[in-house]
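S.K.: Structure incoming, see below.
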Amino acid sequence: MKSARAESHGNVEFAKKFCTIIIGTIGCTIMLGVIMAVPVAMIIIGALYKNDCKAENYIPIYLIVAGSFGILKNLSSLLQRCMNKDKENSEEQNAKTNPFDSTLNCFLFAWFIAGNVWIYRTYNHWSPDPSVGNYCHPTLYYFAFWVTTATYILLGTICCCTCCLGIGVAIFGKGQ
């Protein structure tokens, strides 16, 4: 941390280096392991209720595919982090992304959009009653709905924090 401060030529450059250090730490790797719980839960819920959503048959498929590719993405990130750990210029190596991750990110983004369509268009048009045609198991639907909605909440929180950090750097960085 001290070397990042000493090598920086201003607060903005220090903020960039600070974020790079935080992202590359072991804490981030542990967090990656914790984050694996969500994709595993997506696969389990999707598989358990695969045939229990007549209102929108793609919701359980969405969960299974998103969970599977989410695990693949997390493992790919972890592998890349481990491979770059011992190399020189580790900050620069961790900042680079490989084409596989880029392709995977594009697929996950497109699949997320598709899942949004399937989940939100069914919002007021499903029933927990198994005897009707628009049945969807409540556990399946609510899990898919809240995983998707939580993603938006997390993105909004990250955007707000980033804006606040930028404003703080702009305000307090002028004194130097």
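Numbered per my numbering, the sequence shown spans residues 1053 to 1228.
Where is the CB? At the ideal position from N, CA and C, for every residue including glycine.
1. With a cut-off of 8 Å on the beta carbons, I'd call Ile-1073 and Ile-1111 a contact; round off their distance for me.
2. Kindly indicate which residue of Phe-1070, Leu-1156, Phe-1197 and Arg-1173 has the alpha-carbon position closest to the one of Leu-1127.
3. From Lys-1125 to Asp-1153, what distance separates their C-alpha atoms?
4. What residues match up with Cys-1134 in a beta bridge as DSSP calls it?
5. Measuring CB to CB, does Ala-1196 end up less than 8 Å from Leu-1115?
6. May I have the straight-line CA-CA distance separating Thr-1203 from Ala-1067, to the nearest angstrom?
7. Helix, strand or coil for Ser-1183 per DSSP?
8. What's the call for Asp-1198, buried or exposed, on a 16-neighbour Cβ count within 10 Å?
9. Starting from the C-beta of Cys-1158, find all residues in its chain whose C-beta is less than 7 Å away, skip the five residues before and the five after it, and write them out in chain order.
10. Whole angstroms are fine: how far does the CA of Gly-1220 sit from the CA of Tyr-1101?
11. Here's a check: name, in chain order, each residue in its chain whose Cβ is nearer than 7 Å to the Cβ of Leu-1192, leaving out the five neighbours to either side.
12. To the nearest angstrom, report how far apart Ile-1223 and Leu-1131 are at their CA atoms.
13. Can you give me the start and stop residues for the alpha helix (DSSP H) that Asn-1157 sits inside?
14. Given a cut-off of 8 Å, decide if His-1177 and Asn-1168 are closer than it, judged by their beta-carbon atoms.
15. Span of the alpha helix (DSSP H) holding Met-1088?
16. Determine the direct distance from the alpha carbon of Ala-1107 to that of Val-1184, and round the result to whole angstroms.
M.R.: If we stick to the structure as given:
1. Counting from one through the sequence shown, the residue named residue 1073 turns up at place 21. Counting from one through the sequence shown, the residue named residue 1111 turns up at place 59. Ile-1111 and Ile-1073 do not touch by the CB rule: their CB atoms are close to 40 Å apart, not below 8 Å.
2. Sequence index remark: in the sequence shown, residue 1127 carries index 75 (1-based). Taking only the C-alpha atoms, the option nearest Leu-1127 is Leu-1156.
3. Numbered from 1 along the sequence shown, position 73 holds the residue referred to as residue 1125. Numbered from 1 along the sequence shown, position 101 holds the residue referred to as residue 1153. Spanning the two alpha carbons is a distance of roughly 7 Å.
4. Taking the sequence shown and counting its residues from 1, the one referred to as residue 1134 is at position 82. Within the DSSP secondary-structure output, Cys-1134 pairs in no beta bridge.
5. One-based indexing of the sequence shown puts residue 1196 at position 144. One-based indexing of the sequence shown puts residue 1115 at position 63. Between Ala-1196 and Leu-1115, the CB-CB gap stays under 8 Å.
6. As a position in the sequence shown, residue 1203 is number 151, starting the count at 1. As a position in the sequence shown, residue 1067 is number 15, starting the count at 1. Answer to the nearest angstrom: the Cα atoms are 25 Å apart.
7. One-based indexing of the sequence shown puts residue 1183 at position 131. Coil at Ser-1183, not helix or strand.
8. Position 146 of the sequence shown, counting from 1, holds the residue named residue 1198. Reading off the sequence, residue 1198 comes out as Trp, not Asp. Trp-1198 comes out exposed.
9. For the purposes of this step, residue 1158 is identified with residue 106 of the sequence shown, where counting begins at 1. Spatial neighbours of Cys-1158 in its own chain (CB-CB distance under 7 Å, excluding positions within 5 residues in sequence) are not present.
10. In the sequence shown, residue 1101 corresponds to position 49, counting from 1. In the sequence shown, residue 1220 corresponds to position 168, counting from 1. Taking the straight line joining both Cα atoms gives about 47 Å.
11. The residue given as residue 1192 occupies position 140 in the sequence shown. The answer, listed in chain order, is Ile-1097, Tyr-1101, Asp-1104, Cys-1105, Ile-1111 and Pro-1112.
12. By one-based count along the sequence shown, residue 1223 stands at place 171. By one-based count along the sequence shown, residue 1131 stands at place 79. Taking the CA atoms as reference points, Ile-1223 sits about 39 Å from Leu-1131.
13. For the purposes of this step, residue 1157 is taken as residue 105 along the sequence shown, with counting starting at 1. Annotation: the continuous alpha helix (DSSP H) that includes Asn-1157 extends over 1151-1173.
14. In the sequence shown, the residue the question calls residue 1168 occupies position 116. In the sequence shown, the residue the question calls residue 1177 occupies position 125. Not a contact, by the Cβ cut-off of 8 Å.
15. Position 36 of the sequence shown, counted from the first residue, corresponds to residue 1088. Per DSSP, Met-1088 lies in no alpha helix (DSSP H) and is assigned neither H nor E.
16. Start at 1 with the first residue of the sequence shown, and residue 1184 comes out as number 132. Start at 1 with the first residue of the sequence shown, and residue 1107 comes out as number 55. If I take the Cα positions, the gap works out to 9 Å.
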